[in-house]
Amino acid sequence: MIKILFFAALRERLNCDYYQLACNSPTTVSDILVQLKQHSDKWQQELSRSDLLCAVNQTMVAQNASVAVGDEVAFFPPVTGG
Amino acid sequence: MNIFVAVQTDDFCHASEYNELRKQPGCGAIVTFTGLVRDLIATELYAMTLEHYPGMTEAALRDIAQQASQRWQLGSVHIIHRVGKLKTQDQIVFVGVTSAHRAAAFSACEFIMDYLKNRAPLWKKEHSAQGANWVEAKHSDQDALARWQQNVN
Numbered sequence: 001m002i003k004i005l006f007f008a009a010l011r012e013r014l015n016c017d018y019y020q021l022a023c024n025s026p027t028t029v030s031d032i033l034v035q036l037k038q039h040s041d042k043w044q045q046e047l048s049r050s051d052l053l054c055a056v057n058q059t060m061v062a063q064n065a066s067v068a069v070g071d072e073v074a075f076f077p078p079v080t081g082g
Numbered sequence: 001m002n003i004f005v006a007v008q009t010d011d012f013c014h015a016s017e018y019n020e021l022r023k024q025p026g027c028g029a030i031v032t033f034t035g036l037v038r039d040l041i042a043t044e045l046y047a048m049t050l051e052h053y054p055g056m057t058e059a060a061l062r063d064i065a066q067q068a069s070q071r072w073q074l075g076s077v078h079i080i081h082r083v084g085k086l087k088t089q090d091q092i093v094f095v096g097v098t099s100a101h102r103a104a105a106f107s108a109c110e111f112i113m114d115y116l117k118n119r120a121p122l123w124k125k126e127h128s129a130q131g132a133n134w135v136e137a138k139h140s141d142q143d144a145l146a147r148w149q150q151n152v153n
């Protein structure tokens, strides 16, 4: 299993904050995105945004980053704190 | 280097933070920044909700403080960011930096805010007369960060 988290505007648009992805072998963020986009047209559209950010185990990564079974992967829009 | 980081719903007290920063040995300068919820009259903004990524936000703020301490000789860095629902004029963020002399403290405080705005997983949603809207990231914030990346010292 891989734990997927969504935050802020993305969480609201997908109507989902937490998703468990079945997975038994190492993968990459981009492969995870391919799988998630199959969920619906809405997910396809939202997860294809060019400004989508990603963190693996709470560290920001690029979409070619590798992901191990049991990792926590988060997707979110550009940050706006401060 | 003494780093204190907090992400909290509760308000913070500027005077208490300042008095803590004053205790840092060798402290000759303190620079603080406080960010507030602005009352945007045009949109009749009345509140804001701050969302964060528990665990990662704290780690990101700590990392930003550490990066600042690698660039300047600092004594103490305090970063407090509030989350949850805030009203206009509420305090959102506090950054306090101490150093022996003013230049390092001024630069480090600005650097920390520029990094925080671009790198810390925090998101603002504005509540106004027009409804609730997620704030879009600003190019001016990205430009502010790029300035530090070009300017190695």
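Sequences listed follow chains A and B, in order. Residues 1 to 82, numbered by this note's numbering, are exactly what the first sequence covers, in order. Residues 1 to 153, numbered by this note's numbering, are exactly what the second sequence covers, in order. For every residue, glycine included, the Cβ atom is placed at its ideal position computed from N, Cα and C.
1) In chain C, what lies closer than 8 Å to Ala55 of chain A by C-beta?
2) Please report the distance separating the alpha-carbon of Leu45 of chain B from that of Arg38 of chain B.
3) Any Cβ of chain B within less than 8 Å of the Cβ of Phe7 of chain A?
4) Below 7 Å CB to CB, which residues in the same chain sit around Val61 of chain A once its five sequence neighbours on both sides are set aside?
5) Would you verify that the beta carbon of Ala137 of chain B is, or is not, closer than 8 Å to some beta carbon of chain A?
6) Return the CA-CA distance between Asp51 of chain A and Gly26 of chain B, expressed in angstroms with no decimal places.
7) Mark Tyr53 of chain B as exposed unless 16 or more other C-beta atoms lie within 10 angstroms of its C-beta, in which case mark it buried.
8) Classify Ser107 of chain B as buried or exposed, calling it buried when 16 or more other Cβ atoms lie within 10 Å of its own Cβ.
9) Which of the three DSSP states, helix, strand or coil, is assigned to Tyr19 of chain A?
10) Can you pull the chain B residues whose beta carbon is under 8 Å from the beta carbon of Val79 of chain A, in chain order?
11) What would DSSP say about Leu52 of chain A, mapped onto helix, strand or coil?
12) Would you tell me roughly how many angstroms separate the C-alpha atoms of Leu86 of chain B and Leu61 of chain B, rounded to the nearest one?
13) My output table needs one value for Phe12 of chain B: the three-state DSSP class, helix, strand or coil.
14) Just tell me which of A:Asn57, A:Val79, A:Leu10, A:Leu21 has its CA closest to the CA of Gln38 of chain A.
15) For Gln47 of chain A, I'd like the list of residues in its chain whose CB is within less than 6 Å of its CB, leaving aside the five on either flank, ordered along the chain.
16) Identify the contact partners of Gly70 of chain A in chain B, using a Cβ-Cβ distance below 8 Å as the criterion.
17) Would you give the residue range spanned by the beta strand (DSSP E) that His52 of chain B belongs to?
18) Of all Cβ atoms in chain A, is any one closer than 8 Å to the Cβ of Trp148 of chain B?
19) Where DSSP assigns a beta bridge to Lys125 of chain B, which residues make up the other side?
20) Where does the unbroken beta strand (DSSP E) through Gln91 of chain B begin, and where does it stop?
21) Check whether the Cβ of Ala6 of chain B lies closer than 8 Å to any Cβ atom in chain A.
Once the coordinates are examined:
1) Although the question refers to chain C, the structure presented lacks it and instead comprises the protein chains A and B.
2) Rounded to the nearest angstrom, the two C-alpha atoms are 8 Å apart.
3) For Phe7 of chain A, at least one C-beta of chain B is nearer than 8 Å to its own C-beta.
4) Within the same chain, and ignoring the five residues on either side of Val61 of chain A in sequence, the residues whose Cβ sits closer than 7 Å to its Cβ are Val29, Cys54, Ala55.
5) Judged by the 8 Å Cβ criterion, Ala137 of chain B is in contact with chain A.
6) In this structure, the alpha-carbon of Asp51 of chain A lies about 43 Å from that of Gly26 of chain B.
7) That one is buried.
8) Classification for Ser107 of chain B: buried.
9) It is a strand residue.
10) The answer, in chain order, is Lys117, Asn118, Arg119, Ala120, Pro121, Leu122, Trp123, Ala137.
11) In this structure, Leu52 of chain A counts as coil in the three-state DSSP scheme.
12) Distance from the CA atom of Leu86 of chain B to the CA atom of Leu61 of chain B, rounded to whole angstroms, is 20 Å.
13) Here Phe12 of chain B sits in coil by DSSP.
14) Taking only the C-alpha atoms, the option nearest Gln38 of chain A is A:Leu21.
15) Before going further, note that residue 47 of chain A is Leu rather than Gln in the sequence given. Correct list, in chain order: Leu33, Leu36, Lys37.
16) Residues of chain B passing the Cβ test: none, with the nearest at roughly 16 Å.
17) Note, His52 of chain B: beta strand (DSSP E), 45-52.
18) Taking 8 Å as the threshold, the shortest C-beta distance from Trp148 of chain B to chain A does not fall below it.
19) Answer is B:Thr49, B:Trp134.
20) Taken as a continuous stretch (DSSP letters only), the beta strand (DSSP E) holding Gln91 of chain B covers 91-99.
21) Taking Cβ atoms only, chain A never reaches closer than 8 Å to Ala6 of chain B, which makes this a no.
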